[in-house]
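J.: So that we are looking at the same thing, I have put the structure below in structure tokens.
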Amino acid sequence: MIKISRTLCSEINSLSSTGIQLAAPIELDVSSDAATIQKAVKQAWDIFGKIDVLINNAGIRGNVKTSLDLTEDEWNTVFRTNLTGPWLVSKYVCSLMRDSKRGGSVINVSSISGLHRGLFFGGVAYACSKGGVDTMTRMMAIELGVYNIRVNSIAPGLLKSEITQGLMQKEWLKNVTDRIIPLKVQQTVDPGITSLVRYLIHDSSRYVSGNIYILDSGTTLPGLPIFSSL
């Protein structure tokens, strides 16, 4: 992964017409301890002299087990990556934003699994952790607004990606999409999430904070017969 990051950063930096560094690869396991996360955040800040936007996008599903079968270690592993890590990264980034009096935007990627109509069997730790991300978003938006720091969440549904490529080809999923999803489409990361992220970064959203943006083509709308096609 770090090799891919270095290659991508090199490509981005090659686009600079002024020679100014536009991107830098910084290796960080978001499930690390607080001191390690703080060090990585400081490293990024020192390279660019500021951080305008933080996107907390790391996440894992964890093992699919019922509430009675899941172990404490499995629970903690999911929470460490999905909730504790994003909180710590946000804590140290936003502390620097506050002290520099620059303001900024924090974008947390949660999931419709954290909502009351997006639950899936065997995903207790995942759903709870993502619900926690949305609550963290609202709390931080309340607390950090005075420093001109905006905090919002994006709660996506199932997205087309390399990870879900096999699932997306299943006939039963196409049947579900055609019958119960209002927009009748399977979502893609680009432009689905990327366009919304650009908006939350841009000054157009300067008065937007504490919101949970549901990006699911209408899947979780109340009244839809979610399981009628299964």
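So for the sequence shown, our numbering puts the first residue at 685; every next one is plus one.
Built from N, CA and C at the ideal position, the CB exists for glycine as well.
Pairing CB atoms from the region 819-837 with CB atoms from the region 863-874, are three or more of them under 8 Å?
T.: no
J.: Are at least three pairs of beta-carbons, each pair with one atom in the region 802-815 and one in the region 784-792, less than 8 Å apart?
T.: no
J.: Which stretch, first to last residue, makes up the beta strand (DSSP E) that contains I896?
T.: I896 to L899
J.: Does the beta-carbon of T768 have 16 or more other beta-carbons within 10 angstroms, so that it is buried, or is it exposed?
T.: Buried: at least 16 other Cβ atoms inside 10 Å.
J.: List the residues that DSSP assigns as beta-bridge partners of V835.
T.: V790
J.: Expressed to the nearest angstrom, what Euclidean distance is found between the alpha-carbon atoms of G746 and L851?
T.: 17 Å
J.: Less than 8 Å separating the beta-carbons of I735 and A708?
T.: no
J.: On the CB-based measure, 16 or more other CB atoms within 10 Å of its CB, does G703 come out buried or exposed?
T.: Label assigned to G703: exposed.
J.: Out of R863, L738 and V860, which one is the CA nearest neighbour of L772?
T.: The shortest C-alpha separation from L772 is found at L738.
J.: Rounded to whole angstroms, what is the Cα-Cα separation between Y776 and Q722?
T.: 6 Å
J.: Measuring alpha carbon to alpha carbon, tell me which residue in S845, L780 and G815 is nearest Y831.
T.: L780
J.: Please look up how many angstroms separate the CB atoms of T821 and I896, rounded, as I've assumed it's under 8 Å.
T.: T821 to I896, Cβ: 7 Å. Contact.
J.: Between L899 and G841, is the Cβ-Cβ spacing less than 8 Å?
T.: Going by C-beta atoms, L899 is nearer than 8 Å to G841.
J.: Just confirm the distance between the C-beta atoms of G802 and T904, as a whole number of angstroms; I'd bet it's less than 8 Å.
T.: The pair is a contact, with the Cβ atoms about 5 Å apart (cut-off 8 Å).
J.: Return the CA-CA distance between D757 and S701, expressed in angstroms with no decimal places.
T.: Computed Cα separation, rounded: 49 Å.
J.: Alpha carbon to alpha carbon, how far is I696 from I710?
T.: Cα-Cα distance, rounded: 15 Å.
J.: Use the C-beta contact count for L828: other C-beta atoms within 10 angstroms, 16 or more gives buried, fewer gives exposed.
T.: Residue burial is scored here from C-beta neighbours: L828 has at least 16 other C-beta atoms within 10 angstroms and is therefore classed as buried.
J.: Compute the Euclidean distance between the alpha carbons of K844 and V873, then round it to the nearest angstrom.
T.: 7 Å
J.: Would you give the residue range spanned by the beta strand (DSSP E) that G739 belongs to?
T.: For the record, residue 739 in the displayed sequence is Ile; it is not Gly. Its beta strand (DSSP E) spans residues V737 to N740.
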